[in-house]
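Quick notes on the structure that follows.
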Amino acid sequence: MDGDGHGLPASHPAEMLIGRDHDLGLVRGFVDEATVSGGALLLSGDAGVGKTVLLDAAARQARGAGARVVRAAGVEFESTISFAGLHQVLQPLLAGLDRLTDPYRTALSVALGLDQGAPSDQLLVSNAALSLLVQVAAERPLLVIVDDLPWLDRASAVVLGFVARRLAGSRVGFLGAYRSGEGSFFERGGVPHHDVQPLDTTAAAALIQARTPTLAPRVRERLLAEAQGNPLALLELPDALTAPQRSGAAVPELLPLSRRLQAVFASRVETLPASTRLLLLYAVLDGTGDLRVLTSATSERTGMEDLAPAERAGLVDATTGRLVFRHPLTRSAVVELATSEQRREVHRALAEYWSDRPERRAWHLARATVEPTEEVASLLEEVARDTVRRGDAGGAIAALLRAAELSPRGYERSRRIAEAAYLGADLTGDLRDVPRLLEEARLADGGRAGPLVAAVAAAHHILLSGEGDLDTAHRLLVGAIGMQHQPYDAADPTMIDALYTLAWLCQSSQRTELWKPLHRALGLLKPEIPDQLALTLSTMADPARTAPPALGRLDEAIASLDQEADPVRIIRLAMTSLYVDRLPACRTALRRVLRDGRDNSSLTVEIQGLVYLGRDHFAAGEWDELEAQAAQGRDLGEAHSYQLLSTEFLYQRALVAAARGDETAVKALTDEMTLWATPRGVGSYLSCASHARALAALGQGRFEDAYRHACAISPAGELASHVPPALFVVMDLVEAAVRTGRTAEATAHAAAALEAGIAAISPRLALLVKASAAIAAVDQEALGLFEEALAVPGTERWPFELARVRLAHGERLRRVKATTEARVQLADAIETFERLGARPWTARAGNELRATGLSVGAAGVSGPASLTPQQREIALLAAAGLTNKQIAERLFLSPRTVAAHLRQLFPKLGVASRAALRDALADLPPG
């Protein structure tokens, strides 16, 4: 068989193939036509380009249309057995031999070895085979598929070529495939053919990303360049790399080949004379393509005449004065077929040839050297310095890591590893093979602070970019912390940064076991844990169990933010505030962070500031601001590969879509979140996706779905350990449980929230806990609990949750015939839902209100009074004639955000353009 690669493994349906729409369309069209009126088509292309998967797609298409499919393939060891290939094709159809005329039946029976007798004329056998296929297809359309045509035996190839040219009007389709450039006894003349091309750049990138999403960026680019669109190579090359190599560290200059790729590329090199293979080895390891190098550097065992067999085989081209390999993976095959000593010998010769080129000489010496040698390591380190000055951080990393390998064990080795890690984190962001190297550095040098700095930067980048998974970043950072001298110094800013980053990793994973190394490290921190770090851990790790005692100190810290100039400290306090509802008090400082971040190009803190402001906007019911801001944050995140933070904006938009009833948007956004978060182990965004889905299902009355999604965050009856989002879905789960008849689960979950004491954390959580208890309670008890919930002071800061509680209260009041009281609660809920644009919730509350006998007004809030403060300011500036860019500069927004606000406020004011704003705002009161 050809062993073709394709868009995805063969078990996947053709619809999931990447970059093959045109080819699939052509093949499917052929099948549709051939099973009606007959015909033939040949597919050609390089090995691994995807011919076999197109044959698979054709077979599925034919079977789906009710046709019969018979398949065969040329096989090398049968290529000398006459009619072996024809036997493969006709064997499933032999029951139809009895319907043939005697001469045809005898000719085929003898040819296929079913009977003895004198061999028949080849033309008779060919006509007999054609007759059998046509008669079988008379009952049911037939598709014959033959792969690897060049390996067919001569007799079968001649017969099948004869058949393929005579199928018109027969309801028999013939589909064959062969490698480009290979000879065959199958006569292709007169048979239509389609050349299957390699994938284009976009499709190739999509395929490798879908198959191996955690590849380091520069490794992915390298594989794309080497594979040249060959799907088999794109699928197999990552598997042939080691885990460290996939992470970007020490990727070999020549990529290793998997077994399947060896079968495709090495087999053609193996047949060359030994002298030719040696000459090709010089060419590959030199890499310049300069024929003068081959003339001067090679030993007397080879000469330029030894290139001829490789040129005749189509492996290389030297007609331009430079040696070019027709496919990059042929280079890898040449190297893999050489012994290690042969490779070192060639490198030594090339190092001598390039004695006047320090970089080339150093690399050839490094590859020719086995034992640690400081002289060669020093040469490589100089190469790394020159390389990074030229802007090639990846090349510098490779040089430093090889220099570290060649360094005698000790300080130099540790220092070079640390510098490589730093460059990877700070410049390329794709160095994730650091844990093993840091362990080697620890053993070599007793644990220096340098590697920790690099590990913090690398882990931070992995977390933000999503180029790796959280487990890798966690291992990297835990390993680096563990190699520091004990006890750890609480005054060491590097150590504190490391612990903050580790806490962020742990919180993002939502896995209890990942917190254990952090707690061990905290126990070794002397003289004591810094206050702000202790505060952060108490509120972000497992706030249901650890937050309440720390809230007083947190409030004091937040009160000092007005004088705080350090944006990192502001962001950390906002992170500390997130799950305990203290973000409103951080707003002013966060807006300052946005302004200063833009002024100073501090991208990370700017995007993080948008994250925390966006969370607060949703809680405060400022959803139009949130959507405009989320669009801005998403653009920034994607432009700079901050995928973790970009996913946060998907969540915020999904919450608004869920509350407003846009289920299509909810599905698209949460699907994108889960697709990104699942392979990377980012459990926090899986919980966020479940939150949005549960909210959407509740609004639409799909309570079974809501219950399932809420339980995915935290099981009924408990607040899951180290899953902070569980605090905010307590009422969602309880309501869904009651609505689906799970009274015991609802009661247990409400009780668990009450017993955990989370009501003491914030007015919102007090509201939700008491309302959950009310929803789960029997009618008379419930009414008192609802009143307690609505009496909690300060809950107006969370209008959506407050309106939901009023809705639940109104529903219960109507059920006990307290109609007047129900109307009050439901009317208040409707007013809030309408203002927020929460259409499904407005509809639910409206249905309840109508059930009390009161009609619901259709008009919502509009006009200048409906504008948010920021929309009002933007509208006034636009009415005054300022452009979007000028407004953006004045308000510290992006022009895109201003445009989004204008789109949202035009309908509220009943205008269609900026020109009408002045009149629409004429009655707007000052201030």
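With the sequence shown counted from 1, adding 38 to any position gets you our numbering. Virtual Cβ for every residue (Gly too), placed ideally from N, Cα, C.
Distance, residue j Cα to residue i Cα
i, j, result
"V949", "A926", "21 Å"
"L64", "F121", "30 Å"
"T890", "G57", "58 Å"
"L651", "L628", "7 Å"
"L262", "A278", "14 Å"
"V618", "I799", "6 Å"
"L80", "D159", "26 Å"
"V201", "L135", "17 Å"
"F838", "R877", "12 Å"
"R928", "L556", "44 Å"
"Y320", "R395", "17 Å"
"A774", "A744", "6 Å"
"T280", "L515", "21 Å"
"S75", "G875", "59 Å"
"L943", "W661", "12 Å"
"L573", "P581", "11 Å"
"L821", "A754", "23 Å"
Continuous alpha helix (DSSP H) stretch holding residue i: start and end
i, result
"L199", "At residue 199 the sequence reads Gly, which differs from the Leu that was named. Note, G199: alpha helix (DSSP H), R192 to A202."
"I796", "Neither: I796 is in no alpha helix (DSSP H) and is coded neither H nor E."
"V384", "S378 to Y391"
"A754", "It is not in any alpha helix (DSSP H) - A754 carries neither H nor E in the DSSP assignment."
"R850", "P837 to R853"
"I119", "Note, I119: premise wrong, no alpha helix (DSSP H); not H, not E."
"H729", "G721 to Q738"
"H939", "P933 to L947"
"H365", "No alpha helix (DSSP H) holds H365; DSSP gives it neither H nor E."
"H512", "L508 to G520"
Selected residue, minimal CA-CA separation from residue i, among the options
i, options, result
"A304", "A242, A248, S370 and L279", "S370"
"G517", "P525, I534 and V494", "V494"
"R853", "R842, E886 and V862", "E886"
"L146", "L190, S194, I183 and V184", "S194"
"S576", "I455, W542, K855 and I608", "W542"
"L181", "T280, Y216, L806 and A78", "A78"
"A938", "P717, A668, G221 and G739", "A668"
"K923", "A913, R934 and A917", "R934"
"R633", "T685, L560, V113 and F930", "F930"
"W836", "S598, A812, P801 and L693", "P801"
"F212", "A791, R66, G325 and A346", "R66"
"V91", "L55, R109, D600 and H125", "L55"
DSSP-derived helix/strand/coil call for residue i
i, result
"R109", "strand"
"G325", "coil"
"A463", "For A463, the predicted structure reports a pLDDT of 46, less than 50, and the residue's modelled location is therefore unreliable. The matter cannot be settled from this model."
"V372", "helix"
"A829", "coil"
"H760", "coil"
"K554", "helix"
"V816", "coil"
"R395", "coil"
"A953", "helix"
"V210", "strand"
"D569", "helix"
"L674", "helix"
"Y689", "helix"
"L563", "strand"
Residue i burial status per 10 Å Cβ neighbour count (16 or more: buried)
i, result
"A156", "exposed"
"M711", "buried"
"H729", "buried"
"Q681", "buried"
"K554", "exposed"
"E450", "buried"
"T685", "buried"
"P587", "exposed"
"M533", "buried"
Residue i: first and last residue of the uninterrupted beta strand (DSSP E) it sits in
i, result
"A966", "Nothing can be reported for residue 966: it is not among the residues displayed for the chain, which extend from 39 to 965."
"I609", "Run containing I609: none in the beta strand (DSSP E); it sits in the alpha helix (DSSP H), P605 to S615."
"L181", "L180 to D185"
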